[in-house]
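S.K.:
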Amino acid sequence: AAPAAAQGGSAAGLPDLPGVDPELIEAVRHPFEPAPDTSPERYLPSPTPDPWYSDPPALDPATPNGAILATRDAHIPWFNSIGVGRTWQMLVQTRDSHDRPVAVPSTVVEPVLPWRGPGPRPIVSFAVAIDGLGNTCQPSWAMTQKLNIQFPPILQVLVARGYAVVVTDFQGPKGAYGAMRLNGHAVLDGIRAARAFAPAGLQDSPAAVFGYSGGGIAASGAAQLQATYAPEMSEYLVGIGAGGAPLDLAEALENLDGTVGAGLMRAAVFGIAREYPEMYGLLNRTGDVVAREMRDWCAEVNTPAGIVTAPLGLLTTTPDPVSDPRVRRMIEENSIGRRPDEVPGVPVAIFSADREHFPGIGDQFFPEARAEELRSRWCAAGANVDYLGVAGEHVTGMFTAPRPVLDWIDRRFDEYEAGRPPPDFCR
2 AAPAAAQGGS AAGLPDLPGV DPELIEAVRH PFEPAPDTSP ERYLPSPTPD
52 PWYSDPPALD PATPNGAILA TRDAHIPWFN SIGVGRTWQM LVQTRDSHDR
102 PVAVPSTVVE PVLPWRGPGP RPIVSFAVAI DGLGNTCQPS WAMTQKLNIQ
152 FPPILQVLVA RGYAVVVTDF QGPKGAYGAM RLNGHAVLDG IRAARAFAPA
202 GLQDSPAAVF GYSGGGIAAS GAAQLQATYA PEMSEYLVGI GAGGAPLDLA
252 EALENLDGTV GAGLMRAAVF GIAREYPEMY GLLNRTGDVV AREMRDWCAE
302 VNTPAGIVTA PLGLLTTTPD PVSDPRVRRM IEENSIGRRP DEVPGVPVAI
352 FSADREHFPG IGDQFFPEAR AEELRSRWCA AGANVDYLGV AGEHVTGMFT
402 APRPVLDWID RRFDEYEAGR PPPDFCR
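Per the numbering used here: the sequence shown = residues 2 to 428.
1) By DSSP's criteria, Ile-124 is part of a beta bridge. Which residues make up the other side?
2) Assuming Phe-127 and Phe-198 form a contact by the criterion Cβ under 8 Å, report the distance between their Cβ atoms to the nearest whole angstrom.
3) Roughly how far, in whole angstroms, is the beta-carbon of Gly-272 from the beta-carbon of Tyr-213, given that I think they are within contact range, below 8 Å?
4) I'd like the span of the alpha helix (DSSP H) that includes Tyr-230, first residue to last.
5) Following the continuous alpha helix (DSSP H) through Met-91, name the residue where it begins and the one where it ends.
6) Report, in whole angstroms, the separation of the C-beta atoms of Asp-258 and Leu-313, which I expect to be a contact under 8 Å.
7) Alpha carbon to alpha carbon, how far is Thr-39 from Gln-365? Give it in angstroms, no decimals.
8) For Gly-84, collect the residues of the same chain with a Cβ closer than 8 Å to its Cβ; drop the 5 residues on either side in sequence, then sort them by chain order.
9) Helix or strand or just coil, what does DSSP make of Leu-315?
10) What span of residues does the alpha helix (DSSP H) with Tyr-54 cover, start to end?
11) How is Ile-332 classed by DSSP in three states: helix, strand or coil?
12) Would you say the region 272–285 touches the region 401–413, given that touching needs at least three Cβ pairs under 8 Å?
13) State buried or exposed for Val-129, treating a residue as buried only when at least 16 other CB atoms are found within 10 Å of its CB.
14) Count the other CB atoms, across all protein chains shown, that sit within 10 Å of the CB of Gly-14; report buried if there are 16 or more and exposed otherwise.
15) Going by C-alpha distance, which of Val-290, Ala-194, Val-167 is nearest Leu-316?
16) Below 8 Å on the Cβ atoms is my contact criterion, and I expect Asn-335 with Arg-428 to pass it. Report the Cβ-Cβ distance as a whole number of Å.
17) With burial defined as no fewer than 16 other Cβ atoms inside 10 Å of the residue's Cβ, what is the status of Leu-18: buried or exposed?
18) Where do the N-terminal and C-terminal ends of the beta strand (DSSP E) with Ala-372 fall, by residue?
19) Roughly how many angstroms separate the alpha carbons of Leu-265 and Glu-416, rounded to a whole number?
20) What residue range is occupied by the uninterrupted alpha helix (DSSP H) comprising Thr-145?
21) Skipping 5 residues on each side, what residues in its chain have a beta carbon closer than 6 Å to that of Ser-47?
22) By a C-beta neighbour count over all protein chains shown, 10 Å radius and 16 as the cutoff for buried, is Thr-88 buried or exposed?
23) I'd like the list of long-range same chain contacts for Ser-82, defined as Cβ closer than 7 Å, with 5 residues on each side in sequence excluded.
24) When the Cα atoms are used, what is the spatial distance from Val-261 to Gly-363?
25) Name the one or two DSSP bridge partners that Ser-107 has.
26) Report all residues from its chain with a CB closer than 6 Å to the CB of Ala-246; omit the five preceding and five following residues, and keep chain order.
27) Pull up the distance between the alpha-carbon of Asn-66 and that of Gln-94, whole angstroms please.
28) So for Thr-49, helix, strand or coil by DSSP?
29) Can you give me the Cβ contacts of Val-349 inside the same chain, cut-off strictly under 6 Å, excluding the 5 residues immediately before and after it?
30) Give the secondary structure of Asn-136 by DSSP, where H, G and I count as helix, E and B as strand, and everything else as coil.
31) Is it the case that the Cβ atoms of Glu-418 and Gly-120 are separated by a distance below 7 Å?
32) Suppose contacts are defined by Cβ-Cβ distances below 7 Å. Is Ile-351 in contact with Arg-371 by that definition?
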C-alpha cells in the first residue's frame, strides 16, 4: 500500500476529511507549529443582526467621556427581574485600554417602587460577571433576551431596594473580558451617562458600584481609575464594592492554569488579547483553532470548559507564555493595585469568600489574602478601603456577597445624604 501521505493524509495516517476545516486538520497534524495567520479579526466575536452592536455611530475623540450617542427603550422579561419599571438602553462613548474612543451599550433600569429614602433615588452600577467573549454574552443583550442566573438574585435585590440600576457592557465592542482598564472606564462612563440622561431623572443622584468575579475586575478597575479618569465623580460616587477578582494576573494565570478554572482563564486571556493583539503572535496551530472556536462562548460554556484542564502552554509556541514580554506587558497594565499613581479617591469595599471567618473553603481561585493585601496597599497610599469576608467559595460567593456588600453601600448613601463623612476603614 502507498504511504498515507501519498494518499492525501498525514504521515500519522490522518485522512483529508471532506467538510472539515482544513486548519483544524493541520492543527491535529502539526499542533505545535506557529499559527500561519494570527490576524486579530479572526478572533473577534461574530456580528449580530442588531445594528445597535454591529453598526455604532462614528466616534469623535474630542467627544467627552460618558457622552450619550444614541438611546432606545428596552424591556426586561419577568424571568430576569420583577418590579422593573421603565428601562432604556444608551450607547455611551468611553475609552479602551489604550485611551481610544469606543462605544458601549449601557442599560438604565428604573424600579416600579418609588424611592422612599432621603434625597433623590440612588444609582447602583451593577457590573455583571459577563465572563464571556461573544456579543450575545453582553448584559444589554442577555438581560432582555435570555435567562441569566445573576439577574434574578442580584438585579431583583437592587430594584427591591429602590435603586436605579445601571448595567454597562463594560467589555466593549470586542468583548474584552478581563481588560481591566477598558472595563473600569466603561463602568464609570455608564454612570456619567445615566446621570445625564434626562428621562431617568437621575441628574442629582448619588451613585455606587457593585461587581463580583468578572464584574469585580470592572468594579476594581473603576476604583483604581476613578481619581485620574473621572475625578469629578468623587462628589457623588459614594462607594465601590468589588470582589472575587484576580488582583494579580500573573498569580491568577498560574493558579488557574491546568485546573477546573482553566476554561474561564482561557477566555480571559483571549478576551484581553483583543485589546493587546500582539499576543496572538504566540499562538500555535492548536491555539489558533481554540481561540477561533471560543470567540462567541459565554460564561455558561466557558465555565464547564474547565473540565478540559489543558495548560495554556499547549496553545502557544512557548511552554511558558507568561514569561513572554508581550504577556508581561498585558499583566502589568491589567493587574489591580500595581500603580502608585492610580489610587481610589472614594471609599472601596474589597470583598472575598473567606475561609478564615466563615465555614467553607474560601475563594479557591483568588485567595482572600490577596484582597487583604490590596486593602493594605491602597490604605498605605492614602485611600479609604474596607475588607469584607463573605461565606462560601468563588461561585457561591456571587450569591452570599450581595446582602452584606449592599448593606455597606446603603450606609454610604445614608452618610452622603446626612452630610457625614464615611468611617476611616484603614484604622
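Cβ coordinates follow ideal geometry from the N, Cα and C atoms, glycine included.
M.R.: On the basis of the coordinates in this document:
1) Ala-165, Ala-208
2) Rounded, the Cβ-Cβ distance is 17 Å, inconsistent with contact.
3) Contact flag wrong, Cβ pair sits at about 17 Å.
4) 215–230
5) Unbroken run through Met-91 is the beta strand (DSSP E), 85–96; no alpha helix (DSSP H).
6) 5 Å
7) 34 Å
8) Only residues of its own chain outside the window of five on either side were considered, and among them Pro-112, Val-113, Leu-114, Gln-157, Val-160, Ala-161 have a CB closer than 8 Å to the CB of Gly-84, listed in chain order.
9) helix
10) 52–55
11) helix
12) No contact exists between the region 272–285 and the region 401–413.
13) By the neighbour-count rule (16 or more Cβ atoms within 10 Å), Val-129 is buried.
14) Since pLDDT at Gly-14 reaches only 48, below the 50 mark, its modelled position is unreliable, and the value read off the structure follows with that caveat. Classification for Gly-14: exposed.
15) Check the Cα spacing between Leu-316 and each of Val-290, Ala-194, Val-167: the tightest is with Val-290.
16) Contact flag wrong, Cβ pair sits at about 31 Å.
17) Legend: pLDDT at Leu-18 = 49, less than 50; position of this residue unreliable, value from coordinates given subsequently. The residue is exposed, with fewer than 16 neighbouring Cβ atoms inside 10 Å.
18) Annotation: Ala-372 is outside any beta strand (DSSP E); the continuous alpha helix (DSSP H) that includes it extends over 369–381.
19) 38 Å
20) 140–146
21) Cβ contact annotation for Ser-47 (same chain, cutoff 6 Å, sequence separation greater than five): Asp-297, in chain order.
22) buried
23) Cβ neighbours of Ser-82 beyond the five flanking positions: Phe-152, Pro-153, Leu-156, Gln-157, Val-160.
24) Going by the C-alpha atoms only, they are around 16 Å apart.
25) Met-91, Thr-169
26) Gly-217, Ile-218, Ser-221
27) 6 Å
28) coil
29) Ala-224, Ile-241, Val-386
30) helix
31) Yes; because the gap between Cβ atoms is below 7 Å, this pair is in contact.
32) In terms of Cβ geometry, Ile-351 and Arg-371 do not form a close pair [threshold 7 Å].
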